[in-house]
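**Q**
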Amino acid sequence: MRYRKFFLLTLIIVIIDQAVKLLVHFNMTMGPAGEITLLGDWFKLHYILNKGMAFGMSFGSDYGKLFLTLFRLLAIGALAYLLTFLVKKNYSQALAWCIALIIGGAVGNLVDSIFYGQWLDNAPYSSVTPWFHGQVIDMIYLDLWEGNLPHWLPLIGGDKVALLPIFNLADVAIFIGVLTILIRQKSFINYQKVK
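The sequence shown begins at 20 in my numbering and counts up by one.
In structure tokens, the structure reads:
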């Protein structure tokens, strides 16, 4: 019973994330043609598919996406175990909420990877199977900065760089969970001593 509220948060994140992704998939045109401006030029809805990991990075082999999906499954299982351990030992509730956020975001993106290749037919053409090769739907576009790096920077000086992240609600949940853990790590470590 003590675990219910944390796994309920995880479930809510997955449901909202999947609902938004499906709304975007069925109601928006992919790419710049379907872009919707929300706040000025810097905050937009922009439908793209991410075939790899964060920021579009991917493994080189035909089975790289499969290995990534299996890794995500193992990581989610480990985080779920950690969450139940934290609650069972009556450890910091704030840390348990952060882990629940991360699990919710991870499961949201995992659904895309496992099922969307088959259900939404969005697996890359070179995939060995549509199952476990789905592309993650991203839609939140922040046009933060675009310009040239200072010339005095070694190796990359003068290069043109664009900070234009495109992500989804699952990524937001993961980011908030991880950032909160990083900011409050000292209080989490000292929690047992204070208790």
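Positions of the beta carbon are idealized from the N, C-alpha and C atoms, including for glycine.
#1: Give the single residue among Ala113, Leu120, Pro184 and Trp171 whose Cα lies nearest to the Cα of Leu27.
#2: What residues in its chain sit with their C-beta under 8 Å from that of Val43, if we drop five residues either side in the sequence?
#3: Indicate whether Tyr144 and Ile185 have their beta-carbon atoms separated by less than 8 Å.
#4: Taking DSSP as the reference, what is the three-state secondary structure of Lys205?
#5: Given a threshold of 16 other Cβ atoms within 10 Å of its Cβ, counted over all protein chains shown, does Asp36 qualify as buried or as exposed?
#6: Using the three-state DSSP reduction, which class does His65 fall into: helix, strand or coil?
#7: Going by the beta-carbon positions, is the gap between Pro216 and Gly166 smaller than 8 Å?
#8: Tell me whether His170 is buried or exposed, calling it buried when 16 or more other Cβ atoms sit within 10 Å of its Cβ.
#9: Can you tell me whether Val33 is buried or exposed? The criterion is at least 16 other CB atoms within 10 Å of its CB, across all chains shown.
#10: Can you name the start and end residues of the alpha helix (DSSP H) that Asn46 belongs to?
#11: For Leu105 versus Ile118, is the C-beta distance shorter than 8 Å?
#12: Please state whether the Cβ-Cβ distance between Gln154 and Leu85 is less than 8 Å.
#13: If the criterion is Cβ atoms closer than 8 Å, does the pair Thr29 and Ile122 meet it?
#14: Could you give the residue range of the beta strand (DSSP E) that holds Gly166?
#15: Please return the same chain residues whose Cβ sits closer than 8 Å to the Cβ of Pro51, not counting the five positions on each side in sequence.
#16: Mapping the DSSP letters down to three states, classify Thr60 as helix, strand or coil.
**A** According to the structure shown:
#1: A check of alpha carbon separations from Leu27 across Ala113, Leu120, Pro184 and Trp171 identifies Leu120 as the nearest.
#2: The beta carbon of Val43 sits closer than 8 Å to those of Leu64, Tyr66, Ile156 and Met158, all from its chain and outside the five residues before and after it, given in chain order.
#3: Taking C-beta atoms as the reference points, Tyr144 and Ile185 fail to come closer than 8 Å.
#4: Correct three-state label for Lys205: helix.
#5: Under a 10 Å Cβ-count criterion, Asp36 is classified as buried, with 16 or more other Cβ atoms of the shown protein chains found around its own Cβ.
#6: DSSP places His65 within a strand segment (E or B) once states are collapsed to three.
#7: Nothing about residue 216 can be reported from this structure: the residues present for the chain run from 20 to 214 only.
#8: Per the 10 Å Cβ criterion, exposed.
#9: That one is buried.
#10: From DSSP, the alpha helix (DSSP H) with Asn46 extends over Arg23 to Asn46.
#11: In this structure, Ile118 lies closer than 8 Å to Leu105 by Cβ.
#12: No, they are not a contact pair.
#13: Yes. Within cutoff.
#14: Where Gly166 is concerned, the enclosing beta strand (DSSP E) stretches over Trp164 to Asn167.
#15: For Pro51, where only same-chain residues beyond five positions count, the Cβ hits under 8 Å are His65.
#16: Here the sequence assigns Asp to residue 60, which means Thr is not the residue at that position. If DSSP states are grouped into helix, strand and coil, Asp60 belongs with coil.
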